[in-house]
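Trainee: So for the sequence shown, the UniProt record's numbering puts the first residue at 1; every next one is plus one.
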Amino acid sequence: MHSQTNEQALEAAIERTLTGTCIEAIKKDGVSVDAVNENSEIYRTGKGYYIGQPANFNAQFAIDEQFFWDFLESTQKEELEKLQKQSDWKLKILNRYDRLVKKYGILYLLKKGLQVDDAHFTLFYQLPLASSSQQVKDNFAQNRFSETRQLRYSIDNPREEIDMVLFINGLPIVTMELKNAWTGQNARVHGQHQYKTQRDTKQTLLQFARCVVHFAVDTDEAYMTTKLNGKNTFFLPFNKGNKHGKGNPELPAGATGHRTNYLWNEVFTRESLANIIQHFVRLDGKKKDPIQTKTLFFPRYHQMDVVRKIMEDASKKGVGQTYLIQHSAGSGKSNSITWAAYQLIETYPENSSVPGITDVERPLFDSVIVVTDRRLLDKQIRDNIADFSEVKNIIAPVYSSAELRSSLEQGKKIIITTIQKFPHIINGIADLSDKRFAVIIDEAHSSQSGSAYDSMNTAMGQQANEDSELDAQDKIVQAMQSRKMRGNASYLAFTATPKPITLEKFGVQQDDGSFKPFHLYSMKQAIEEGFILDVLANYTTLKSYYEIEKSIEENPLFDSAKAQKKLRAYVEQHQQTINTKAEIILDHFIPKIVNQKKLKGKAKAMVVTQSIESAIRYYKALQNILKDKGRPFKVLIAFSGSKEVDGIEYTEAEMNGFAEKDTRIKFDEEDYRILVVANKYLTGFDQPKLCAMYVDKKLQGVLAVQALSRLNRAATKLGKKTEDVFVLDFFNSSTEIKASFDPFYTATSLSEATDVNVLHELKEVLDDVGVYEWSEVEDFNIKFFNKEDAQVLSPIIERAAERFVNELELEDEDKADFKIKAKQFVKIYGQMASIMPFEILQWENLYWFLKFLIPKLPIKGDELDGLDKLLESVDLSTYGLERVRLNEEIGLDDSESIVEPQNPNPRGAHGTDEDKDPLDLIIQSFNERWFQNWEVTPEDQRVKFISLTKSIQAHPDFKSKYLNNSDEQNKSIAFEKIMNDVMAQQRKQELDLYRLYAKDDAFKIALFDTMRRMASVGK
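Below you can see the structure in the form of structure tokens.
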């Protein structure tokens, strides 16, 4: 007989795993299901499930009556007896259950129990904690977990069956439709289709919140939903991921089973399912709201997995650990953070040998602090945890230093604060070293470097004792130690785009010295699973071509590399250039997005500019063009502070006509379609209606990923698809963008630790210059840590500054070199001090001294080379754009990426081997680089000549000032002006022709004569 490869075989495999046997084996052995359920030996070989029988299912109340009554009889007999005097006691209990479950959902009853008259029934005994009593453990063992195959759920159509349902104490928890790929059907298509179109959701079992979750499962993939809503049902993948993408991994060599084994082997075990019900499933919404308006949250696999792995690792290793969780946008980070925070306060040590543990019955952490730099997420997490937690007084939102201090001292379990608030309120916090913390940091890279993070460490650690017996060195050492990751805190960093320093601070160090994330949900998997869109699928790059001309006769020397950079910035921010690009933006946005009614007519765009001045010029250019078009929609601008452009002071509020804080809200309104930004809204800004981005800014690394990811937010209700997302990039090449995205597409790891020995080299060089005496550095630190007045500190710093400015007679380049190296020392030490395994007191002393000295060190910046004069000596004569890549899909490398640590080499102003070129050579090389030669076929020339002729003849001055002009000299001048006007208008379409006309005098004369002859024919 051949192997069974159908749905029945999959059902039997799941049943055998859960119960230790299956219906087919029972029939073959000729025994009854009840006899098998009573056989504890069989029961123990599975996952602790009983076999349910379809005949025992009450479709009206959606209950397996056998196990429901059996559970209550055996565990709460006294409570039942209170009602059993009544003749209809069973119906009374069922009706009461039915009324409450319709109103509040099954999760409420599993947690709260059922009150009937003076009887109270516990419907589910909770999973015990490590510190729970034996009674609690015994109670949990009394729960009846069961599974029933081919369950007839419908009153109206008794022959309709669901493949498998899992129950706890007779109450339905999970329904499953099973498919087997070997029969040509799968879960993603056929399983979901069955739930959407062939299952009667009016029947009790399938009503919302009557059952916790519905799974469509095949041998390779699993999908789940908590709300069946006909064709509008939305299924989420519940897969582990395969090679950083969607699906599930291949089983290890030699293993038997299916790729979805983890469901019945791990997820559906008694302990796992109980843990999910208690700590993950959440019914969102106010208690008074109708049940149908609420949302039932069930974790995706990676969310459940990361939280469980953190708990397991913490219970084994104790406090003082670091965790880097690299979860892409679309991973549901706010829910993962919520679940992690709530469960961390109930994490206990595995045993008494866990480091730093004195009491195994005391939770590992006294408080969990959630630090987020997204103000919206701040409220979202607070609300989530408040909804989720049964105990209401454990959460403390923090708005001020007083509240934070009070919350920590009162031992509040979960404290929510923002990174913006946190640094300002650290110094006054009382000694907290006897407390143990878990610090969850959202988007770890953005604010966890430098003094904000050091201040956080200071709060978590031992404060400097005010006892006068402590000398200054003791205080300095304590300050240094407080800037380390404290032993009384574990740090969990959630980010989609870890930088090298983030990997080193929070990542897991491997045997080879590299660092990897503790847990990964990749951008590749998020895209393939449909949670975010691929912003690189339609990427168009435009390359700028310009010609600049010299406006002075002499040829001063300039640093070639710096000059090229300055020239490009000059050209790109020129109003003429921006006007051209603004035209291109609207020439695309209006016909391709607005007129095509993308996203049901609600699509929006963002223009990303390289500076506030550029943003203001873009805003004005777009407004002017839209004015000519009858203002079909409005434009907003976003930038911080105020900026003077062309002698006029601008602010975001003044330009938009409302307060800066309202920009985000206003942009969501239908009238506003384009947002022009300068370093604002490039991170943490969720606007699902964004589908186009016009980039005129250098984007690289993390910023490129974050900025372009503003487009990736899915908007299912608006029908947003990958093909709706469009990027037009004026500045970067597709190769550069690919290089930025590759490290974060799958897994990111750091090749090795930063070499802190560079600090030895930097200190040695700085010491040798003679700006400071070491005795001054020590004196400053003694006074600084004794909290002496700033007037006492100032003369020490001023003495060193005076040597730097005057006494040492340093060359300008020597001054620049010293300041660059001083800044590098402060930056590297500030980042590395918290993770260095050793302490060097001299580094700490020098760090504090230089922090105060650097602002007092004036150096000549670009004026050193006179580069600012360069811009006065050139004019922008031509500007054009050529499309290099049209709607290109940028394919990303799905192998794991290794990033290098920060550049460990000392930097400075010397040794750069600068090329000093005369101005003529710089301009020539610049033009060659940005204005390359192209060939044109004779046929193309003919077409272009005819087109140009028509444009010349249509010019308003053609007849009056040229054709009807008898003065030949004036006539020639008039034609040259007409020709120049036409060529300037044509530059976008006819760049190659325009280039030759502007650059090649011989070509210009020939074209000029030809056009005069052609324009005069027939006139």
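Here a beta-carbon is modelled for each residue, glycine too, at the ideal position from N, C-alpha and C.
Confirm, please, whether the CB-CB distance from A255 to residue 1025 is below 8 Å.
Mentor: No statement about residue 1025 is possible, as the shown extent of the chain runs from 1 to 1019 and does not include it.
Trainee: Just to confirm before moving on: does the CB-CB distance between L109 and L129 stay below 8 Å?
Mentor: no
Trainee: Give every residue of the same chain whose Cβ lies closer than 7 Å to the Cβ of K680, excluding the five residues on either side of it in the sequence, and list them in chain order.
Mentor: A638, F639, S640
Trainee: Using CA coordinates, which residue listed in Q525, R96, T541 is at the minimum distance from D534?
Mentor: Q525
Trainee: Just to confirm, are V695 and V725 a CB contact at a threshold of 8 Å?
Mentor: no
Trainee: When the distance is taken between beta carbons, is Y348 closer than 8 Å to S131?
Mentor: yes
Trainee: Can you tell me the Cα-Cα spacing of A12 and E24, whole angstroms?
Mentor: 7 Å
Trainee: Do you know offhand how far K77's Cα is from R99's?
Mentor: 23 Å
Trainee: Which residues mark the beginning and the end of the beta strand (DSSP E) in which H214 is found?
Mentor: 213 to 217
Trainee: Quick check on the burial criterion: 16 or more other C-beta atoms within 10 angstroms. Buried or exposed for P290?
Mentor: So P290 counts as exposed.
Trainee: Suppose you measure from the CA of D29 to the CA of K413; what does that come to, to the nearest Å?
Mentor: 55 Å
Trainee: Starting from the C-beta of H955, find all residues in its chain whose C-beta is less than 8 Å away, skip the five residues before and the five after it, and write them out in chain order.
Mentor: I978, D981, V982
Trainee: Can you check which of these residues, A984, N335, Q985, F975, is closest to R1012 by C-alpha distance?
Mentor: F975
Trainee: In terms of DSSP beta bridges, what is D817 paired with?
Mentor: For D817, which the question treats as bridged, DSSP gives no partner whatsoever.
Trainee: Counting only C-beta atoms, is D628 closer than 8 Å to chain D at any point?
Mentor: Given the protein chain composition of this structure (a single chain), no chain D is represented.
Trainee: Quick check on the burial criterion: 16 or more other C-beta atoms within 10 angstroms. Buried or exposed for F297?
Mentor: buried
Trainee: Near L643, what residues of its chain come up, given a Cβ to Cβ distance below 6 Å and the 5 sequence neighbours on each side ignored?
Mentor: Note on residue identity: the sequence assigns Lys, not Leu, to residue 643. I612, Y650, listed in sequence order.
Trainee: Between which residues of its own chain and F818 is the CB-CB distance below 6 Å, once the five residues before and five after are set aside?
Mentor: V769
Trainee: If I follow the unbroken alpha helix (DSSP H) through Q343, where does it start and stop?
Mentor: Start and end: 333 to 344.
Trainee: Where are the alpha helix (DSSP H) runs, 4 residues long or more, that stay fully inside the stretch 702 to 763, in chain order?
Mentor: 734 to 745
Trainee: Identify, in the order they occur along the chain, each residue of the same chain with its Cβ nearer than 8 Å to the Cβ of Q596, setting aside the five sequence neighbours on each side.
Mentor: none
Trainee: What residues match up with G245 in a beta bridge as DSSP calls it?
Mentor: N242
Trainee: Of all the options D628, K92, Q610, A603, which has the alpha carbon lying nearest to the alpha carbon of E583?
Mentor: D628
Trainee: Straight-line CA distance for D366 to Q343?
Mentor: For D366 and Q343, the distance between alpha carbons rounds to 12 Å.
Trainee: I'd like the list of long-range same chain contacts for Y618, defined as Cβ closer than 7 Å, with 5 residues on each side in sequence excluded.
Mentor: I578, A582, V607, T609, V676
Trainee: By Cβ distance below 6 Å, which residues in the same chain neighbour D671 in space, the five residues on each side in sequence not counted?
Mentor: K634
Trainee: Classify H258: buried if its beta carbon has 16 or more other beta carbons within 10 angstroms, exposed otherwise.
Mentor: Buried, since its Cβ has 16 or more Cβ neighbours within 10 Å.
Trainee: Let me make sure I understand the geometry here. Which of L542, T19, V705 has the alpha-carbon closest to that of F730?
Mentor: The candidate whose alpha carbon is nearest that of F730 is L542.
Trainee: State the beta-bridge partners of K634 as determined by DSSP.
Mentor: Beta-bridge partners of K634 (DSSP): Y672.
Trainee: To the nearest angstrom, how far is the alpha carbon of I310 from that of S336?
Mentor: 11 Å
Trainee: With E24 as the anchor, note down where its alpha helix (DSSP H) starts and where it stops.
Mentor: 23 to 29
Trainee: Under the assumption that I155 contacts A59 (Cβ atoms under 8 Å), give the Cβ distance between them as a whole number of angstroms.
Mentor: The pair is a contact, with the Cβ atoms about 5 Å apart (cut-off 8 Å).
Trainee: Taking 8 Å as the limit between beta carbons, can you name the residues of its chain near S895, skipping five residues before and five after?
Mentor: T746
Trainee: Counting only runs that start and end within the stretch 252 to 285, where is the beta strand (DSSP E) found for 3 or more residues in a row?
Mentor: 282 to 284
Trainee: Whether or not the stretch 64 to 80 and the stretch 143 to 150 are in contact is what I'm after, with contact meaning three or more pairs of Cβ atoms, one per stretch, closer than 8 Å; do they touch?
Mentor: When C-beta atoms of the stretch 143 to 150 are compared with those of the stretch 64 to 80, three or more pairs fall below 8 Å, so the two segments count as touching.
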